[in-house]
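Protein chains in written order, with this note's numbering: chain A, 1 to 333; chain B, 334 to 511; chain C, 512 to 951. The structure under discussion appears below in the form of structure tokens.
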Amino acid sequence: MTKSSSKPKDSRAVVTAPPPASRLRGRHLLGIEELSPEEILLILDTAEAMREIAERPIKKVPTLRGRTVVNLFFEPSTRTRTSFEVAEKRLSADTLNVAIATSSVVKGETLVDTALNIEAMAPDMIVLRHASSGACHLLARVCRSRIINAGDGMHEHPTQALLDAFTIRHHKGRLSGLKVAIVGDLLHSRVLRSNVLLLTRLGAQVCVCGPPTMIPSGIERLGVRVTTRVDDAVEEADVIMLLRIQLERMQGAFFPSLREYFQVFGMTEARVRRARPDAIIMHPGPMNRGVEIASEVADGPYSVILEQVANGVAVRMAVLYLLAGGVDDEAAA
Amino acid sequence: MPVVMDADRIARTLTRIAHEIVERNRGLERLALVGIRSRGEHLAKRLADQLQAIDGRPVPTGALDITLYRDDLMRQPVGPQPLVRRTDVPFSIDDRVILLVDDVLYTGRTIRAALDALIDFGRPQSIQLVVLVDRGHRELPIKADYVGKNLPTSRRESVQVRLEEVDGHDEVVVEAEG
Amino acid sequence: MKRLLRGGRVLDPVNGIDGDCDVLIAADRIERVGRALPVENGVQVIEVPRGCVIVPGLIDMHVHLREPGQEHKETIATGTLAAVAGGFTAVACMPNTSPINDSAGITELMLRKAAEASLARVYPIGAVTRGSQGEQLADLAELHAAGCVAVSDDGRPVATALLMRRALEYTSMLDMPVIDHCEDPSLKADGVAHEGFHAATLGLRGIPGAAEEIMVARDVTLAGLTGGHVHIAHMSARGSLAAVRAGKARGVTVTCEVAPHHFTLTDEALRSPVQYDTNTKMNPPLREAADVEALLEGIGDGSVDAIATDHAPHHADEKLVEFDQAPFGIVGLETCVPLVFERLVHTGRIPLRRLVELLSVNPARILRRPGGSLAPGSTADITILAPEARITIRARELRSKSKNTPFDGWELRGVAAATIVGGRTVFTHPAVTGSEVFAS
């Protein structure tokens, strides 16, 4: 799917993308881990068609009419939850938002009990965001509904990686052969893990960069280059992806101060100039201006951060549509 | 595999339909063509060329993907899910006479879905239906305004329309189902 | 009534016996062991089925029996039943009950419950500090007098070097080991799995092997300083084994134990066959292949003294939660002997006599308890092993009250066919043909 307006401008090896799959094999979307390159392309291609709906006067299609989707969010999130809600409503599904504030001190209902109680209302799909890695795997074992992972602990955030890939493809026409630099708190980031899996699966060259205290053990086994020098990472990059630094990381002595972090790793205009002239800057949000990214870069001409948000709805519509139409027998679970 | 229309016949039929359109609408002023993906889209483009040849002015043409409006979508998934393609209607359909174009008219459900989709785009003055082949067996009260060929078939048969743009050559064949 | 176990292979390494012998049991004692013993009147003769091996009763020196206070997970009655079903004639149970076993009263309660169940012997391990809070030493002499065989704050490390030093000095007067759960709390932090590729890609906070190794090094140094005896509980990391070896080489009184899951599984179990299976969550965690290989070597060359299960029952509800919320631990009493056979004996890593050392001789020696020997006059605690018997582990059929095991469905070869405590047969294994001959 090469757009004629953005042909690759150099002779780097470009692997022809495989044809997209005709359907998703799994009942759930728990992570990029379970998706083949063909399935990823199917989702991206379907998202293309979904994007056009946002440009119509009536931004709605009747496809999921009568279906109920529960947004079960155990972690606060405005951006992702709103994005899913808009996607669900554009497909005419009935949405139910359940926001649970959990305190580790107060032991309330277990996750399994909460989910089973919600299932009593017979939803078709549950979109789950939870602070524990593997929470959606637990629900997938216990529940009847299809589960979509909206972020589980430090593990994966598949729809984020999909919308990131969609955004990159929109600008670069392809993913294969691109140089992608991902900079930030690699250790705690589920966006990192999902993006690394997806980008390497579709043939991109990925370089990850962060403080030595925040590099996950054995990450190079996923096929990425690892460095602690951000200048090296962004050299000739086509895409620069910044990850959010959480302020509480300073408590764990991961780095001395935000000021030092910005000096050593922050994405400044000077650093961006080391990348290719048409490089794009991405961030899953919310941003800490002056920590992982300088304001001028965030608002600059190469930033596609707001597009990412817009694309999120189309990608999530594609995921909802493809999972809803999937095979329904238990054997496929 | 009986060929019921060859390339020549298809071309003459489209020409005939183009003239009927001009005649019935007394001019092309508020007309626009919307072809149903995927083969309806190509037929619509051919008709647009024909109409322009007659009238001199270009006729706005768009393509409609009705996958998301089908009524059988989430029921019994049989085989692979249909791939959703982009809808591309780059003009306003308000107050226009829309010519909806499809290759084969059968149960009428595709047209029903297309009407639902069109209404979401705006409020046309009227909608007329153009089909290359009408094979009967309607399940909904849908009627074509312009028909290339009436082709009585049995339910066990299938009608295949092949077009140069997609299949490399033009023909309409009727196949007995295995 | 006297009983004669006739014609079986007897393996008693301490007394140099390995061959076909008869064993005569009178009341709760072993009266004689020898070839072709004469049969007196009134003696019940048991023809030992072919393939069985008679060994000194097995001792699991690290179990959690959960009573008092957590009886929904296990009781002393169900736990000792699981023990004898696994071939163990005695177990040493940890003090992290509710309340903690830091006083004679709790110790006596445990012994009373064990006597009521009348299955496996129970040797209580007392707490090192009051409430295991790591602040003030518990009344160690009182605990010893009441029947404790060792002290430990298991679940946590002995909190400071100073406390560990004092505990080692004090217990040397009582001839008792201090058993330490070695981990540096700041390095362990809120980790839930071994720090490595699998935890990293699954998004689980890691516990590095160094967290254990550092504390082992501390304890070995202090044991050297004080002359006391430190026993390293559930050792899992290769660096820990290296520290133990170095200590032994210098003459420090340090012993160590390894649990079967640590030489059977690696951290790959976190993702395969099931991802985030909470039955692969324990502390110390399942480690990487290099650690497992090092432990296997240490078991083979004698650096590892004992195998102990760290049997840690948890109720199903407690384990059916998110991985990082689940409590650490798995049951082990009924899977130990089959795993030892499968991974150590049948692979040729260790001879059968080494199994007896690891599971009977050495635990008895470390706990200063009788056992590990079939010498005439010794208590008739005997385990009958069936090295070739094939079994399938079925979680729901375990006799333990809790079924939290990652080995459900495993097909293994080698099991305890019968368990005799004080001359009385307390268990015969239904899956071993012919085992019913041992029934009292």
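Every residue gets a Cβ at the ideal spot worked out from N, C-alpha and C, and that includes glycine. Just so you know, these numbers come straight off a predicted model, no measurement behind them.
Rounded separation between residue i and residue j - CA only
i: Ala-656 of chain C; j: Leu-674 of chain C; result: 21 Å
i: Ala-340 of chain B; j: Arg-25 of chain A; result: 41 Å
i: Arg-952 of chain C; j: Asn-915 of chain C; result: Chain C is shown only over 512 to 951; residue 952 of chain C falls outside these bounds and no answer can be derived.
i: Ala-324 of chain A; j: Arg-51 of chain A; result: 18 Å
i: Asp-821 of chain C; j: Ala-744 of chain C; result: 9 Å
i: Val-105 of chain A; j: Gly-642 of chain C; result: Below a pLDDT of 50, predicted positions are generally treated as unreliable, and Val-105 of chain A, at 39, falls in that range; the measurement from the model is reported next regardless. Their backbone Cα atoms lie some 22 Å apart in a straight line.
i: Leu-648 of chain C; j: Ala-615 of chain C; result: 14 Å
i: Arg-141 of chain A; j: Gln-786 of chain C; result: 10 Å
i: Ile-718 of chain C; j: Ile-841 of chain C; result: 18 Å
i: His-157 of chain A; j: Arg-190 of chain A; result: 6 Å
i: Val-180 of chain A; j: Thr-78 of chain A; result: 27 Å
i: Arg-716 of chain C; j: Gly-153 of chain A; result: 10 Å
i: Pro-211 of chain A; j: Asp-665 of chain C; result: 35 Å
i: Thr-589 of chain C; j: Val-556 of chain C; result: 31 Å
i: Met-317 of chain A; j: Leu-186 of chain A; result: 28 Å
i: Ala-753 of chain C; j: Leu-878 of chain C; result: 23 Å
i: Leu-96 of chain A; j: Ile-53 of chain A; result: 22 Å
i: Pro-795 of chain C; j: His-137 of chain A; result: 24 Å
i: Ala-851 of chain C; j: Ser-751 of chain C; result: Note that residue 851 of chain C corresponds to Val in the displayed sequence, not to Ala. Taking the straight line from one Cα to the other gives about 21 Å.
i: Ser-371 of chain B; j: Gly-108 of chain A; result: 54 Å
Limits of the unbroken alpha helix (DSSP H) element including residue i
i: Tyr-279 of chain B; result: Because chain B is modelled from 334 through 511, residue 279 of chain B falls outside the range shown and cannot be assessed.
i: Asp-405 of chain B; result: Taken as a continuous stretch (DSSP letters only), Asp-405 of chain B belongs to no alpha helix (DSSP H), as it is neither H nor E.
i: Cys-847 of chain C; result: 847 to 851
i: Val-142 of chain A; result: 135 to 142
i: Lys-179 of chain A; result: No alpha helix (DSSP H) holds Lys-179 of chain A; the beta strand (DSSP E) holding it covers 179 to 183.
i: Pro-898 of chain C; result: Here Pro-898 of chain C belongs to no alpha helix (DSSP H); instead the beta strand (DSSP E) covers 893 to 903.
Cβ of residue i within 8 Å of any chain C Cβ
i: Leu-138 of chain A; result: yes
i: Ala-101 of chain A; result: no
i: Pro-20 of chain A; result: no
i: Ala-150 of chain A; result: no
i: Ile-334 of chain A; result: No information on residue 334 of chain A is available, as it lies outside the stretch 1 to 333 that chain A covers here.
i: His-157 of chain A; result: no
i: Pro-216 of chain A; result: yes
i: Glu-330 of chain A; result: Summary for Glu-330 of chain A: the model assigns pLDDT 42, below 50, so the residue's position carries little reliability; its value from the coordinates is reported in the next sentence. Chain C contact via Cβ: absent.
i: Ser-132 of chain A; result: yes
Nonlocal neighbours in the same chain, by C-beta distance under 6 Å from residue i, ignoring five residues either side
i: Ala-950 of chain C; result: Thr-936, Thr-939
i: Leu-909 of chain C; result: Glu-845
i: Trp-921 of chain C; result: Ile-904
i: Gly-637 of chain C; result: Pro-606, Asn-612, Leu-654, Cys-659, Val-662
N-terminal and C-terminal residue of the beta strand (DSSP E) that residue i is part of
i: His-742 of chain C; result: 741 to 743
i: His-573 of chain C; result: 569 to 574
i: Gly-637 of chain C; result: 632 to 637
i: Asp-533 of chain C; result: 528 to 537
Contact with chain B by residue i, beta-carbon distance below 8 Å
i: Ile-245 of chain A; result: no
i: Thr-95 of chain A; result: no
i: Arg-174 of chain A; result: no
i: Val-86 of chain A; result: no
i: Gly-325 of chain A; result: yes
i: Ala-270 of chain A; result: no
Below-8 Å beta-carbon distance, residue i vs any chain A residue
i: Arg-598 of chain B; result: Residue 598 of chain B is absent from the structure shown; chain B starts at 334 and stops at 511.
i: Asp-453 of chain B; result: yes
i: Leu-406 of chain B; result: yes
i: Asp-339 of chain B; result: no
i: Asp-835 of chain C; result: yes
Own chain partners of residue i with C-beta closer than 7 Å, once the 5 adjacent residues on each side are dropped
i: Thr-80 of chain A; result: Arg-129, Ala-150, Gly-151
i: Cys-532 of chain C; result: Val-521, Val-544, Gly-545, Arg-546
i: Val-411 of chain B; result: For Val-411 of chain B, the predicted structure reports a pLDDT of 49, less than 50, and the residue's modelled location is therefore unreliable. A value from the coordinates is still provided. Nothing listed; no residue qualifies.
Proximal residues to residue i (C-beta, below 8 Å), its chain only, five neighbours per side dropped
i: Glu-33 of chain A; result: Glu-156, Leu-197
i: Ile-326 of chain B; result: Outside the modelled stretch of chain B, which goes from 334 to 511, sits residue 326 of chain B, for which no answer is possible.
Quick check: the stretch 557 to 570 of chain C against the stretch 880 to 891 of chain C, are at least 3 beta-carbon pairs closer than 8 Å? yes
Indicate whether the contact test is met: 3 or more Cβ pairs, each with one atom in the stretch 390 to 409 of chain B and one in the stretch 443 to 459 of chain B, closer than 8 Å. Output reads yes: the stretch 443 to 459 of chain B touches the stretch 390 to 409 of chain B.
Below 8 Å, can you find three or more Cβ-Cβ pairs linking the stretch 605 to 622 of chain C to the stretch 694 to 704 of chain C? no
For the stretch 865 to 874 of chain C and the stretch 812 to 821 of chain C, state whether three or more C-beta atom pairs, one from each stretch, are separated by less than 8 Å. yes
Three CB pairs or more closer than 8 Å across the stretch 157 to 169 of chain A and the stretch 205 to 225 of chain A: Contact annotation: the stretch 157 to 169 of chain A does not touch the stretch 205 to 225 of chain A, with fewer than three C-beta pairs closer than 8 Å.
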